[in-house]
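J.:
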Amino acid sequence: MEGKRRKDQWTPEDDEKLAEIVITAVQNGRTQLEAFAEAAQVLGRTKQACGFRWNKTLRQQYGQMLNSVRKRPKQLMRSHLKLALNSFDELTEAYNELELKYRELQTEHDRVLKWLQQGAVFIEQQQQKQQQ
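In terms of full-length UniProt numbering, the sequence shown opens at residue 1 and continues consecutively.
1. Could you tell me if Tyr-21 is buried or exposed, where buried requires 16 or more neighbouring beta carbons within 10 angstroms of its beta carbon?
2. Hey, out of Ala-35, Cys-50, Tyr-102, Gln-126, whose CA is closest to Trp-10's CA?
3. In terms of alpha-carbon separation, which member of Ile-23, Gln-130, Leu-58 lies closest to Arg-70?
4. Give me the Cα-Cα distance between residue 133 and Ser-87, rounded to the nearest whole angstrom.
5. Looking at Thr-46: is its Cβ nearer than 7 Å to the Cβ of Ala-40?
6. In this structure, does DSSP put Tyr-41 in helix, strand or coil?
7. Would you identify the three-state DSSP class for Asp-8, choosing helix, strand or coil?
8. Would DSSP call Gly-3 helix, strand or coil?
9. So the alpha helix (DSSP H) Arg-53 belongs to, where does it begin and stop?
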């Protein structure tokens, strides 16, 4: 006589799917609770049943993998933060260089205007002398 199987018994395929959903969710920065809700829809179970199965049975089997994927987003965050800070520093340096060039051009512009005004005054004086 074959053993009686419960209608809601978990299969190895169900366990694999639940583990895949949880690990993928955590890797993408989502919570385990969100993963249990997703798994509930996929597996046709309640999110509480998925959470219980994960915590009671699968966490021991997949715990190391889960911990490694938890670390990755932080590492990615750190590298993105470093990149952003470097970019900010580069932008600040470029801005400072542009500001210095702008001041130099403004000074040169003022000098040219003064020179043109002096030239205009000189030309007027020359024209007045010729008219006399």
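For every residue, glycine included, the Cβ atom is placed at its ideal position computed from N, Cα and C.
T.: Let's see:
1. Per the sequence shown, residue 21 should be read as Ile rather than Tyr. Result: buried.
2. Cys-50
3. Ile-23
4. Past the edges of the chain, shown from 1 to 132, lies residue 133, and the structure says nothing about it.
5. yes
6. Residue identity differs from the one stated: residue 41 is Gln in this sequence, not Tyr. Three-state DSSP puts Gln-41 in a helix.
7. coil
8. Note that Gly-3 has pLDDT 48, beneath the 50 cutoff, so the model's placement of it is unreliable and the number below is only indicative. Coil at Gly-3, not helix or strand.
9. 47–53
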